[in-house]
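Some notes on the structure that comes next.
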Amino acid sequence: MLRYARRVSVRVRFAPSPTGFLHVGSARAALYNWLLARHAGGTFVLRIEDTDEARDREEWVTAIDESLRWIGLDWDERYRQSERVELHAAAAEKLVASGLTYWCDCTREEVDARAKERGGPPGYDGHCRDLGKEAGPDVALRFRTPDQGETVVPDVVRGEPSFPNSTIEDFVVVRSTGKVMFVLANVVDDIDMAITHVIRGEEHLPTTPKYLLLWQALGGGAVPVFAHLPVIVNEKRQKLSKRRDPVALELYRDEGYLSEVMLNYLALLGWSPSDGRERLTLDEMVQEFRLEDVGKSPGFFDVAKLRAFNGDTIRALSVEAFTERAQPWLTGPFAPWSADLYDPDVFAAMAPLVQERVALLSEIPAMIDFLLVDEVTIDDGDWEKAVKPEGITKLLDEVIASWAEVPWEHVPDEREPLKDSLFEIGERLGLNKKRTQAPVRVAVTGRSVGPPLFESLVVLGRERALARLRAARARL
RNA sequence: GGCCCCAUCGUCUAGAGGCCUAGGACACCACCCUCUCAAGGUGGCGACACGGGUUCGAAUCCCGUUGGGGCUGCCA
Numbered sequence: 005m006l007r008y009a010r011r012v013s014v015r016v017r018f019a020p021s022p023t024g025f026l027h028v029g030s031a032r033a034a035l036y037n038w039l040l041a042r043h044a045g046g047t048f049v050l051r052i053e054d055t056d057e058a059r060d061r062e063e064w065v066t067a068i069d070e071s072l073r074w075i076g077l078d079w080d081e082r083y084r085q086s087e088r089v090e091l092h093a094a095a096a097e098k099l100v101a102s103g104l105t106y107w108c109d110c111t112r113e114e115v116d117a118r119a120k121e122r123g124g125p126p127g128y129d130g131h132c133r134d135l136g137k138e139a140g141p142d143v144a145l146r147f148r149t150p151d152q153g154e155t156v157v158p159d160v161v162r163g164e165p166s167f168p169n170s171t172i173e174d175f176v177v178v179r180s181t182g183k184v185m186f187v188l189a190n191v192v193d194d195i196d197m198a199i200t201h202v203i204r205g206e207e208h209l210p211t212t213p214k215y216l217l218l219w220q221a222l223g224g225g226a227v228p229v230f231a232h233l234p235v236i237v238n239e240k241r242q243k244l245s246k247r248r249d250p251v252a253l254e255l256y257r258d259e260g261y262l263s264e265v266m267l268n269y270l271a272l273l274g275w276s277p278s279d280g281r282e283r284l285t286l287d288e289m290v291q292e293f294r295l296e297d298v299g300k301s302p303g304f305f306d307v308a309k310l311r312a313f314n315g316d317t318i319r320a321l322s323v324e325a326f327t328e329r330a331q332p333w334l335t336g337p338f339a340p341w342s343a344d345l346y347d348p349d350v351f352a353a354m355a356p357l358v359q360e361r362v363a364l365l366s367e368i369p370a371m372i373d374f375l376l377v378d379e380v381t382i383d384d385g386d387w388e389k390a391v392k393p394e395g396i397t398k399l400l401d402e403v404i405a406s407w408a409e410v411p412w413e414h415v416p417d418e419r420e421p422l423k424d425s426l427f428e429i430g431e432r433l434g435l436n437k438k439r440t441q442a443p444v445r446v447a448v449t450g451r452s453v454g455p456p457l458f459e460s461l462v463v464l465g466r467e468r469a470l471a472r473l474r475a476a477r478a479r480l
C-alpha cells in the first residue's frame with residue numbers, strides 16, 4: 005500500500021537541524037523541495053532534526069519556522085525527529101538482529117593511531133569486526149559495509165555517481181550512549197514517511213552510499229530519487245559558511261529585501277527555466293520547475309544582483325503596496341525615529357519619489373528623515389564641498405530673501421516658482437545648476453544626495469525651510 | 001592522502017552536433033536625459049580552461065591534463 009502511494013504521489017522533505025538561523029543554502033534546498041511538491045501536487049514535509057542536544061536550541065526551531073513563513077514556504081506535515089527516537093531504536097535493533105552490524109569499543113584515538121601506524125588513509129579499519137564484542141557502556145554499533153562491489157547513487161542532477169564499497173568504512177549507526185546516528189535516523193524517517201525524492205545539498209553526496217546501504221538493510225523497498233544541489237559559494241568560491249559569510253535569511257529580511265525577490269533569486273541559483281528568463285513569480289516557478297533542469301556547478305551568492313532585483317521589484321510595486329511594505333521602516337521596529345515624529349502624510353507625499361530611489365527598504369528612512377525631524381544634522385563633508393565655489397554666501401542671502409516671498413509650490417513643468425527663482429539667482433552669480441542647488445540641498449536636507457529638492461521643500465514648508473537656510477547661512 | 005563532484009563573459013546563466021562571427025541578466029565603462037541621487041534610453045567591454053580523439057561538422061560526445069570545490073565525527 006505504501007509502495008503504491010509512493011508511485012502516485014511525490015513526497016519530499018526539508019530536514020533542517022535547529023542549530024542556527026535558516027541559512028540561504030538551506031532555504032534554497034527548502035525551496036526546491038517545495039517547488040517540486042507544489043509542481044507535482046505532492047506533499048512537502050518539514051522535519052526538524054533536533055537530536056543533537058549539545059547544539060540544538062528551541063529558539064532556532066522558532067526561527068526556522070519564521071524564516072520559512074517569511075518566504076512563504078508552507079508545509080503540509082511537520083515532525084520533530086526527537087519525537088521519533090523509539091522508531092529509530094527499533095530500526096537499530098532490527099539491524100543487530102540481521103547480523104549486519106557489530107559492536108565496537110575503539111576510541112577515536114585508537115582508530116587514529118592505527119591509521120597513522122599503517123600509513124594508510126585515515127578512518128576506521130574494521131578492527132572489531134570479528135571480535136564478537138557485546139553491547140555495553142562505551143560500546144558503539146557499527147554497520148558492516150560490503151568489501152566488494154560498488155554503491156550507485158541514482159541522482160537526477162548528477163547522473164549515477166558510484167562509490168567502491170571498499171572505500172566505505174564500517175560506520176557507526178548507534179553511539180555508545182545509545183543514541184542513533186544521523187544517517188540511520190534519516191533513513192528510518194524517510195522510509196517511514198514514504199519520501200520519494202531527497203533533495204539536499206551536495207555536501208551530503210559522499211554519505212549517500214551509507215544511506216543506501218542502510219535503506220537496503222532495512223528493506224525500505226524502492227529507493228528515493230536523489231537530487232544533490234550544487235553548493236552556494238562566496239567570492240572566494242568556498243561553500244557559504246555560517247562563520248564567515250552573511251548567510252542568515254533573516255539578515256536579508258531585516259535589510260529590506262523583499263521575500264519574493266529572495267525566493268526568485270534563490271531559485272535561480274542552480275536552476276533556470278528552459279527559456280532562461282530570470283524574473284519569475286512564485287506561480288511561474290511552480291509551473292516551470294523541473295528537477296532535471298537543476299544545474300551541476302556551484303553558484304556564487306551575488307548580493308549585487310540580488311539588490312538589483314530588489315530595486316526592480318520595489319519600483320514595480322504600486323505606491324500603496326510600497327507604503328505597506330515600508331511600514332517596518334516607518335512605524336515598526338526598524339524606524340530610526342520615535343513614533344510621534346512620524347507623519348504618514350509626509351511619506352505619502354514623498355513615496356513615489358522615494359520608491360524610485362531605493363533598492364532596499366532599509367534605505368527609506370534616510371530618504372525622508374529630514375522631513376520628520378525638527379533640526380537636520382548637516383553632513384560636514386557634504387557641506388564643505390557644496391559651499392566651496394565663490395558666491396555661496398550671496399546665493400544663500402538672496403535665496404532666503406526670494407523664498408520669503410515666492411509662492412511655495414512646485415508643479416513640474418507647470419508652476420515652478422521655487423526652482424525658477426533659485427536658478428535665476430544662481431545664473432546671475434555665475435553658478436551652474438549643479439552648484440546652485442548643492443548648498444541649498446545640504447542646508448535643507450543635511451546631505452548632498454536625496455529626493456528631488458523642490459518637491460521636498462513643498463513638503464517641508466516655508467517656515468522650516470527658511471529656518472534651515474538661515475542656520476546654514478550662519479555657518480559660513 | 002583517499003573518495004566524490006564541478007568546469008560558457010568578472011558573476012548567474014541560455015545553449016541538449018550544424019540555427020553560435022555564442023544570446024540574456026547583474027556588474028563595469030561611455031554617451032544622452034537631468035536640480036543631487038536614482039530611474040530611463042543608446043552604445044561598449046567581455047566567455048566556450050587546456051590537450052587529444054570521434055565526426056563532413058563539436059561549446060555541445062569520449063579520454064586525459066589542469067584548475068576549483070565537497071566529504072573524510074560515537075554532529076546533523
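Residue numbers (our numbering): 5 to 480.
Idealized CB from N, CA, C, for every residue including glycine.
Euclidean distance between Cα positions of residue i and residue j
i      : j      : result
Asp287 : Asp258 : 25 Å
Ile382 : Phe374 : 10 Å
Thr285 : Pro22  : 29 Å
Asn1   : Ser180 : This structure gives no information on residue 1, because the portion of the chain shown stretches from 5 to 480.
Ala9   : Thr200 : Below a pLDDT of 50, predicted positions are generally treated as unreliable, and Ala9, at 43, falls in that range; no measurement from the model is reported.
Ala95  : Thr149 : 17 Å
Ala442 : Ala390 : 5 Å
Ala44  : Glu296 : 14 Å
Arg7   : Asn268 : Residue placement at Arg7 cannot be trusted, given a pLDDT of 42 that sits under 50; what the coordinates show is reported in the next sentence. Each residue's Cα considered, the two are about 35 Å apart.
Met5   : Val290 : Here the model assigns Met5 a pLDDT of 33, short of 50, so the residue's position is not dependable, and the following value carries that caveat. Approximately 29 Å, taken between the alpha carbons.
Val323 : Val350 : 14 Å
Arg477 : Glu394 : 14 Å
Gly127 : Asp134 : 18 Å
Arg221 : Lys243 : It is worth fixing the name first, because residue 221 is Ala in this sequence and not Arg. Answer to the nearest angstrom: the Cα atoms are 33 Å apart.
Ala117 : Cys132 : 15 Å
Val191 : Gly336 : 44 Å
Arg281 : Ala271 : 12 Å
Trp407 : Leu457 : 14 Å
Trp107 : Val177 : 10 Å
Asn314 : Gly454 : 19 Å
Asp129 : Tyr215 : 20 Å
Asp316 : Ser366 : 15 Å
Enclosing alpha helix (DSSP H) for residue i [first to last residue]
i      : result
Ser30  : 28 to 44
Gly205 : Counting along the chain, Gly205 falls outside any alpha helix (DSSP H), though it belongs to the beta strand (DSSP E) covering 201 to 205.
Pro369 : 368 to 376
Trp219 : 212 to 221
Ala363 : Ala363 -> no alpha helix (DSSP H), and no H or E assigned at all.
Ala312 : 307 to 320
Ala189 : 186 to 196
Ile404 : 396 to 407
Residue i - containing beta strand (DSSP E), residue span
i      : result
Ala144 : 144 to 147
Trp107 : 105 to 108
Thr155 : 154 to 156
Val177 : 176 to 178
Nearest candidate by alpha-carbon position, reference residue i, set the options
i      : options                        : result
Ser71  : Asp60, Leu50, Glu90            : Leu50
Val160 : Pro126, Val184, Ala139, Ile203 : Ile203
Ile4   : Leu188, Leu217, His208         : Past the edges of the chain, shown from 5 to 480, lies residue 4, and the structure says nothing about it.
Thr397 : Pro213, Arg133, Arg474, Phe18  : Arg474
Asp249 : Gly223, Gln220, Phe305, Leu295 : Phe305
Pro421 : Ile52, Val410, Glu431, Glu324  : Val410
Thr55  : Asp134, Val115, Leu188, Arg361 : Leu188
Ile372 : Ser460, Phe293, Pro332         : Ser460
Leu426 : Ile68, Leu400, Ala363, Arg451  : Leu400
Arg311 : Trp387, Tyr261, Tyr346, Gly299 : Tyr261
Ala320 : Val448, Glu87, Arg17, Arg361   : Arg361
Thr111 : Ala144, Gly140, Arg88          : Ala144
Val265 : Lys98, Trp219, Ala198, Ala308  : Ala308
Pro210 : Asp193, Ser166, Asp174         : Ser166
Val90  : Ser30, Val115, Ala139, Lys183  : Val is not the amino acid found at residue 90; the sequence shown has Glu there. Of the listed residues, the one whose Cα sits closest to Glu90 is Lys183.
Val462 : Arg419, Leu480, Arg451, Thr440 : Arg419
Lys437 : Ala447, Thr449, Asp424         : Asp424
Ile489 : Trp341, Ala58, Arg42, Asp69    : One cannot answer for residue 489 here, as it falls past the ends of the chain, which runs 5 to 480.
Glu254 : Ala19, Arg466, Asp279, Ser30   : Ser30
Val377 : Asp417, Arg472, Ala355         : Arg472
Cβ pair count under 8 Å reaching 3, the segment 233 to 249 against the segment 122 to 132: At 8 Å Cβ cutoff, the stretches do not touch.
Secondary structure, beta strand (DSSP E): runs of 3+ residues fully inside the segment 68 to 134: Counting only unbroken stretches of 3 or more residues, the beta strand (DSSP E) elements lying wholly within the segment 68 to 134 are 81 to 84, 105 to 108, in sequence order.
Three or more C-beta pairs below 8 Å linking the segment 98 to 110 and the segment 57 to 74: Contact between the segment 98 to 110 and the segment 57 to 74 is absent, because fewer than three Cβ pairs lie under 8 Å.
Validate contact between the segment 17 to 33 and the segment 210 to 227 using beta carbons, cut 8 Å, 3 pairs: Output reads no: the segment 210 to 227 does not touch the segment 17 to 33.
Given 8 Å, three or more beta-carbon pairs between the segment 27 to 41 and the segment 75 to 93: The segment 27 to 41, when compared against the segment 75 to 93, does touch it at the 8 Å Cβ threshold.
Complete alpha helix (DSSP H) runs within the segment 428 to 465 (minimum length 4 residues, chain order): Listed in chain order, the complete alpha helix (DSSP H) runs (minimum 4 residues) inside the segment 428 to 465 are 437 to 449, 457 to 464.
Meets three-Cβ-pair contact criterion under 8 Å: the segment 430 to 439 and the segment 323 to 333: Taking 8 Å as the limit for Cβ pairs, the verdict is that the segment 323 to 333 does not touch the segment 430 to 439.
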